[in-house]
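K.L.:
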Amino acid sequence: MDDLILIISILSLTAIIILIILAIVQFAKKDKENMKQIKFAGIALAILIIVFIGFISTTDSTKTSKDNEGEAKAKEELENNLK
5 MDDLILIISI LSLTAIIILI ILAIVQFAKK DKENMKQIKF AGIALAILII VFIGFISTTD
65 STKTSKDNEG EAKAKEELEN NLK
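According to this note's numbering, the sequence shown is numbered sequentially starting from 5.
#1: My assumption, with CB atoms under 8 angstroms, is that S16 sits in contact with I42. Please give the rounded CB distance.
#2: What did DSSP end up calling K1 once you bin it into helix, strand or coil?
#3: Relative to the C-alpha of L10, which residue among K79, A45, N84 and G58 is closest?
#4: Suppose you measure from the CA of T18 to the CA of K33; what does that come to, to the nearest Å?
#5: What is the DSSP secondary structure of K77, counted as helix, strand or coil?
#6: Would the beta-carbon of A48 fall within 9 angstroms of that of L26?
Put into structure tokens, the structure is as follows:
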């Protein structure tokens, strides 16, 4: 799941950079499609923010469960050593 989120975030970040550059070029040419590029960059930014929130929420829960498993194993080993 983390790999998928990473790929989506990289694609979204790349799209934002490319669309902002295209918007600047079209603004310099005084082209009317400038707002179209800015709109798509805004959509890509919204996707990037959603993906970052998803990435943060999945990594926190994974770390917590791994830490709990590690603590449980350590307790078992300690109890086994004491017996």
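Quick reminder that beta carbons are idealized off the backbone N, C-alpha and C, glycines included. Just so you know, these numbers come straight off a predicted model, no measurement behind them.
P.N.:
Walking through what the data contain:
#1: Contact flag wrong, Cβ pair sits at about 15 angstroms.
#2: Examination of residue 1 is not possible in this model, given that the chain is present from 5 through 87 alone.
#3: G58
#4: 23 angstroms
#5: helix
#6: no
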